[in-house]
Amino acid sequence: FLVLAVPGYYNSPDENSNAVFTQLLAEKGQLHRLENLNLVLANRIHPRSVKVVNDLQVPGGFLGLPVIYGIIARSLGAKVIPFITPFIALLGVLAWGLMISQHFGRRVGVLAAGLLLVNPVWWYWSSHTMMPNVLLMSLLLGAAYFLSCTPSEALSRRQEYRGLGLLRWADAVLAGICLGLALAVRLAAIYWLFIAVLVMIVLVGRRLPWSRIAICLVFAWLVLAPFLLINQSLYGSWLMTGYGDVSATVSDAAHGGLGAKLLGPVRPILFPLGFAPRTAVANFWSYGVKLFWWWSLLVGLAGLYLWRRCGRVSGWREQSPYTSAVLITGLIVSGWLILFYGSWSIQDNPNPNVVTIGSSYLRYWLPIFILSTLPVAGALSLLVDLSRRYHLAQVSVFLFLLLIASISGRQVFGAAQEGLIAIQTNLRVYQWEVQQIIELTEDDALIVVDHADKYLYPKRAVMYPLRSDETYQLVPLAVANTPTYYFGLTFPERDLDWLQNVKLPPLGLSIQPTADLGEHSLYKFIFK
144 FLVLAVPGYY
154 NSPDENSNAV
164 FTQLLAEKGQ
174 LHRLENLNLV
184 LANRIHPRSV
194 KVVNDLQVPG
204 GFLGLPVIYG
214 IIARSLGAKV
224 IPFITPFIAL
234 LGVLAWGLMI
244 SQHFGRRVGV
254 LAAGLLLVNP
264 VWWYWSSHTM
274 MPNVLLMSLL
284 LGAAYFLSCT
294 PSEALSRRQE
304 YRGLGLLRWA
314 DAVLAGICLG
324 LALAVRLAAI
334 YWLFIAVLVM
344 IVLVGRRLPW
354 SRIAICLVFA
364 WLVLAPFLLI
374 NQSLYGSWLM
384 TGYGDVSATV
394 SDAAHGGLGA
404 KLLGPVRPIL
414 FPLGFAPRTA
424 VANFWSYGVK
434 LFWWWSLLVG
444 LAGLYLWRRC
454 GRVSGWREQS
464 PYTSAVLITG
474 LIVSGWLILF
484 YGSWSIQDNP
494 NPNVVTIGSS
504 YLRYWLPIFI
514 LSTLPVAGAL
524 SLLVDLSRRY
534 HLAQVSVFLF
544 LLLIASISGR
554 QVFGAAQEGL
564 IAIQTNLRVY
574 QWEVQQIIEL
584 TEDDALIVVD
594 HADKYLYPKR
604 AVMYPLRSDE
614 TYQLVPLAVA
624 NTPTYYFGLT
634 FPERDLDWLQ
644 NVKLPPLGLS
654 IQPTADLGEH
664 SLYKFIFK
């Protein structure tokens, strides 16, 4: 939707950075850009989500998405880039449905897949095509499917007489490839994946297919290793990423609250983003429960219904030794994700009191929303079984899914501020502003910005933010080397007078209004 409406423009610095370096890898086979102004301006010429290392601009996040998408685009053409995430999201839904079908019955699997497809969080973040979270979860769902359902092994048993017996190991290989790519996309997922594996070992350790798991881990390492080598070449360390030290963004309460003190020295290991249980629960209540109250109510009612009829769901394969273990693991991992990311104070919106569908909490909690489709699917399947009019019940369930899709779509597209329609409107404004700035400024101009870097870069060199003493100290040097502008919210008369009469004169500078672009204006820095 977004990429077709306003191609080439994105609503967040992360998306724009991923798009820039994906395109760069597809066209030139490299993951760095040289901006000559960095050689004289202390490596400050870069947008958010881009770092400067050894005078080169490099990705400011995990490398998995730009590398994977860049390789695909290098083979199929850059025009496919916006469609990769939606396509992989569909494959993730398919993997989820097939896996649930294997362990809980075909109808439950079909319903779980349908519910995931129209889940508002999955739908919304699948539309943000250059964000890594849906890609991460789709790859992990693929790994789980191949590891637990072993479709190739079943095929090899039927075809072994034709010399295809080695196919029984293909599932482990494919699972390893998916797992390795997932870790490359977001290495931080190793925290909760490790917890999931640990819980599974405790619950059903003896029954796990260890030979298959060993092969999976070997191939995961083989796939991940090249990405670690790229980390080494770009950032100077195998495990270093463009994010740097995220602990610097953690609040004092998360660092030193009662919960953090109880964990003592293991807190930085288990919860590097801080540990504040009350904050985490409050954030999950606001973003994970209240924001999608209708989905939360549906999951709660379905869970209660299944609890009262525990063990009576037709098609659920209770003989599988992994079913209970997987459910328990899912609950534990969900709780840990709530504490891990909920303890972190994330402010995506300029107004910290506004709860929107675009909050990063939701994409970090995607595993929880995926798991939440299971009780709803199970309850719907049971209701169909108990109905005396089987075909009427099936039609009713289908209509119910359409209702869910309608409610979800209304929230995904129509939510205030960060719904897809609102974002589309913003992107069109960004597009118009960029066109005006390109016409009004020189090709080698430097634009000082506060938030416009996410759409001005890489069309113009940018430095952020204006309201920084370090930036002000560099502006005279910038003006001496290249035309330098500021683009941002139009200054009130009082603020402009303060700049002209107080802040800039000691630097030998003045600021000159150049163009009024509605809420934003373009100003030029000049020597007095």
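Sequential numbering of the sequence shown, starting at 144, is according to the working numbering. Beta carbons: idealized from backbone N, C-alpha and C, even for Gly.
Gln490 to Ser502, Cα distance in whole Å?
Whole-angstrom Cα-Cα distance: 8 Å.
Give me the residue from Ser486, Phe370 and Phe435 with the minimum Cα distance to Gly417.
If we check each option's Cα against that of Gly417, Ser486 comes out closest.
Between which two residues does the alpha helix (DSSP H) holding Gln537 run?
Unbroken alpha helix (DSSP H) run through Gln537: Tyr533 to Gly557.
Is Asn179 buried or exposed, if buried means 16 or more other CB atoms sit within 10 Å of its CB?
Exposed, since its Cβ has fewer than 16 Cβ neighbours within 10 Å.
Tell whether a beta-carbon distance below 7 Å holds between Phe318 and Cys359.
Correcting the residue type first, residue 318 is Ala in the shown sequence and not Phe. It is a contact, given that the beta carbons lie within the stated cut-off.
Quick test of the definition: if touching needs 3 or more C-beta pairs under 8 Å, does the segment 310-328 touch the segment 278-295?
At 8 Å Cβ cutoff, the stretches touch.
I need the DSSP call for Ser295, collapsed to helix, strand or coil.
Here Ser295 sits in helix by DSSP.
Which residue wins for smallest C-alpha separation from Tyr153, given the options Glu585, Glu662 and Tyr598?
The shortest Cα separation from Tyr153 among Glu585, Glu662 and Tyr598 belongs to Tyr598.
I need the boundaries of the beta strand (DSSP E) containing Tyr666, first residue and last residue.
Looking at the DSSP string, the run of the beta strand (DSSP E) that includes Tyr666 is His663 to Phe670.
By Cβ distance, which residues of its chain are closer than 8 Å to Leu351, with the 5 residues on each side in sequence left out?
Answer for Leu351: Met343 and Ile344, listed in chain order.
Within 10 angstroms of its Cβ, does Phe337 collect 16 or more other Cβ (buried), or is it exposed?
Exposed, since its Cβ has fewer than 16 Cβ neighbours within 10 Å.
To which residues does DSSP link Gln655 through a beta bridge?
Beta-bridge pairing links Gln655 to Lys667.
Starting from Leu627, follow its DSSP beta bridges and name the residues at the other end.
Checking the sequence shown, residue 627 turns out to be Thr, not Leu. Partner(s): Leu589.
Pair every Cβ in the segment 208-221 with every Cβ in the segment 471-485, then say whether three or more of these pairs are closer than 8 Å.
Flag = no, the segment 208-221 and the segment 471-485 do not touch.
Comparing alpha-carbon positions, which option in Leu660, Asn644, Tyr628 and Val591 lies nearest Arg187?
Taking only the C-alpha atoms, the option nearest Arg187 is Val591.
By how many angstroms is the C-alpha of Leu632 removed from the C-alpha of Pro369?
Each residue's alpha carbon lies about 43 Å from the other.
Check for me: the alpha helix (DSSP H) holding Met273 runs from which residue to which?
First-last for Met273: undefined, no H or E at that position.
Check whether the Cβ atoms of Val251 and Ala548 sit closer than 7 Å, and answer yes or no.
In this structure, Ala548 does not lie closer than 7 Å to Val251 by Cβ.
Does the Cβ of Tyr533 have 16 or more other Cβ atoms within 10 Å, making it buried, or fewer, making it exposed?
The residue in question, Tyr533, is exposed, as its Cβ has fewer than 16 Cβ neighbours within 10 Å.
CA-CA distance, Ile566 and Asn492?
Straight-line Cα distance between these residues: approximately 13 Å.
In the DSSP assignment, the alpha helix (DSSP H) including Val347 goes from what residue to what residue?
Ile333 to Val347 is the span of the alpha helix (DSSP H), which, as asked, contains Val347.
When you compare the CB positions of Ala621 and Leu665, do they come within less than 7 Å of one another, or not?
No, the Cβ-Cβ distance between Ala621 and Leu665 is not below 7 Å.
Just list the beta strand (DSSP E) runs in the segment 349-373, keeping only unbroken ones of 3 residues or longer that don't cross its boundaries, in chain order.
The qualifying runs do not exist here; there are none.
Determine the closest residue to Asp612 out of Leu282, Lys671 and Leu647, with distance taken between C-alpha atoms.
Comparing Cα-Cα distances from Asp612 to each of Leu282, Lys671 and Leu647, the minimum goes to Leu647.
Just to confirm, is the Cβ distance from Tyr628 to Lys667 under 7 Å?
Cβ atoms of Tyr628 and Lys667: closer than 7 Å.
With DSSP run on the structure shown, which of helix, strand or coil describes Pro202?
Looking at Pro202 - three-state DSSP - the assignment turns out to be strand.
Could you check what DSSP says for Val389 in three-state terms: helix, strand or coil?
Low per-residue confidence applies at Val389: pLDDT is 49, beneath 50, and the placement is therefore not dependable enough to give any value.
Buried or exposed: where does Thr516 fall if 16 or more other Cβ atoms within 10 Å of its Cβ makes it buried?
Classification for Thr516: buried.
Out of Phe512, Val476, Val424 and Ser380, state which residue places its alpha-carbon closest to the alpha-carbon of Phe435.
The residue with the shortest Cα to Cα distance from Phe435 is Phe512.
Quick check: the Cα distance between Leu609 and Asp593, rounded to an integer number of angstroms?
In a straight line, the C-alpha of Leu609 is about 6 Å away from that of Asp593.
Can the beta-carbon of Phe634 be found less than 7 Å from the beta-carbon of Gly651?
Not closer than 7 Å, so no.
Determine the burial state of Ser376: buried for a count of at least 16 other Cβ atoms within 10 Å of its Cβ, exposed for fewer.
Exposed, because fewer than 16 other Cβ atoms sit within 10 Å of the Cβ of Ser376.
As a quick exercise: from Tyr430, Gly207 and Gly240, pick the residue whose alpha carbon is nearest that of Thr228.
Minimum Cα distance to Thr228 is reached at Gly207.
Output the distance between the C-alpha atoms of Glu158 and Asn569, rounded to the nearest integer angstrom.
Approximately 15 Å, taken between the alpha carbons.
Who are the Cβ neighbours of Ala185 in its own chain at under 7 Å, not counting the five residues just before and after it?
Answer for Ala185: Leu617, listed in chain order.
If you drop the 5 nearest sequence neighbours on each side, which residues of the same chain put their C-beta closer than 7 Å to that of Trp239?
So the qualifying residues of the chain are Ala255, Ala256, Leu259, Leu284 and Ile513.
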